[in-house]
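Chains as they are written, first to last, in our numbering: chain A, 1 to 161; chain B, 1001 to 1161.
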DNA sequence: TATTGTTATACTCTATAACTATA
DNA sequence: TATAGTTATAGAGTATAACAATA
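This is the structure:
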């Protein structure tokens, strides 16, 4: 017999992915699938999804911003913002306030209920991330966060020299 | 005046996301959006997508594996594997070979064309990742890759104590 | 004319469930 | 009965394009 395993009758777990695991992108995709699933499960009891959670955070930090600005901050289109804001408004977590002198846009602001919910959710998410990253030192966690932040900013380094 | 800016008439770029950026998960999502867009653009000239690229890699590394095994390695359902394998077979990059003694499953194997394409694509993707991570030291790149690998394995640390 | 919010639509990715042909 | 592959379908998430109201 050769050293090559007969993959077709081997157990599922014996399949290797050494080549793919050399790429940062592949590891990032697999990591994000796990992290986002955990995050979704954490938010679900609060009636939030990843994007409504994110939108709520931006609105709290930037009171009276417009929907277009919210979309810019979240990196999504205006049409997508409508859905998020609808959902948050429906849950009475943020309000579409009219702004004097400009009837085209809204001034988005978190409600008292939205502020209260945020405090609870934020604490819960922090706890959850701490568990998720329990294997890492504090330095490693901060290093990971910072490197991802660098990769997640506006530029994509696509082709510009 | 106070330190609070009037967000509603500020330029779009002035919206802050300091709170969200504290979370690893948010940075990972934003990073993955950028990285995957870059990756897709890199693969497109080769007629590959992220998942067909990944599937090709797994098949090359595990000749004669089954579709179910491929799905296990990629973390997707069997029904999704069919689409990927259809696409790779259509492009003559892998073949669904019959296996003696079991007419239920296929033995997947890369074609000569698939092997040749892989060499070119792999080199191109490596180059691309190097550019994407150009701001990081070699140690940082490896550290990032390893931490993501740790987060992207089977366990999700959801609720088990 | 340009901008803000909105709606309708479509596309990508993936899971679920039901089916077939084998075992 | 159980398994491998397949098919149909549905859902989530998001983008594109066209539109109305307003600037």
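Even for Gly, the Cβ is constructed at its ideal location relative to N, Cα and C.
- Residue 55/A carries a helical assignment under DSSP once its states are collapsed to helix, strand and coil.
- Near chain A, meaning a CB-to-CB distance below 8 Å, the residues of the segment 1035–1054 of chain B are 1035, 1036, 1037, 1038, 1039, 1041, 1050 and 1054.
- Sequence-distant Cβ neighbours of residue 1107/B in its own chain, meaning closer than 6 Å and more than five residues away, are 1064, 1097 and 1099.
- Taking a C-beta cut-off of 7 Å against chain A, the contacting residues of the segment 1097–1129 of chain B are 1099, 1105, 1107, 1125 and 1129, listed in chain order.
- By the beta-carbon neighbour count (other beta carbons within 10 angstroms, threshold 16), residue 1145/B is buried.
- Counting along the chain, residue 1108/B sits inside the beta strand (DSSP E) bounded by residues 1102–1110.
- Residue 88/A sits close to residue 56/A, with the two beta carbons spaced by under 8 Å.
- The distance from the Cβ of residue 1023/B to that of residue 81/A is about 20 Å, inconsistent with a contact at the 8 Å cut-off.
- At least 8 Å separates the CB of residue 1083/B from every CB of chain A.
- DSSP places residue 1027/B inside the alpha helix (DSSP H), whose first and last residues are 1024–1043.
- Listed along the chain, the chain B residues whose CB falls inside 8 Å of the CB of residue 18/A are 1061.
- With respect to the C-alpha of residue 1090/B, the residue from 1137/B, 1116/B, 1047/B and 1042/B having the closest C-alpha is 1047/B.
- Annotation for residue 1083/B: the continuous alpha helix (DSSP H) segment containing it runs 1078–1090.
- In the three-state scheme derived from DSSP, where H, G and I count as helix and E and B as strand, residue 1015/B is classed as coil.
- With distances taken between CA atoms, residue 1051/B lies nearest to 1077/B out of 1030/B, 1077/B and 1028/B.
- Against chain A, the beta carbon of residue 1139/B has no neighbour under 7 Å; the closest one sits roughly 10 Å away.
- Residue 1028/B is a Cβ neighbour of residue 35/A, given a cutoff of 8 Å.
- The beta carbons of residue 1074/B and residue 1054/B sit closer together than 8 Å.
- DSSP places residue 65/A in the strand class (E or B) of the three-state scheme.
- Residues of chain B whose Cβ lies closer than 7 Å to the Cβ of residue 94/A do not exist, since the nearest Cβ in that chain is about 13 Å away.
- Taking a Cβ-Cβ cut-off of 8 Å, residue 1091/B has no neighbours in chain A, whose nearest Cβ is about 19 Å from it.
- For residue 1030/B, the neighbours in chain A by C-beta distance under 7 Å run, in chain order, 75 and 152.
- About 26 Å separates the beta carbon of residue 1117/B from that of residue 1148/B, a gap too long to meet the 8 Å contact definition.
- Taking CB atoms only, residue 1133/B has a neighbour in chain A less than 8 Å away.
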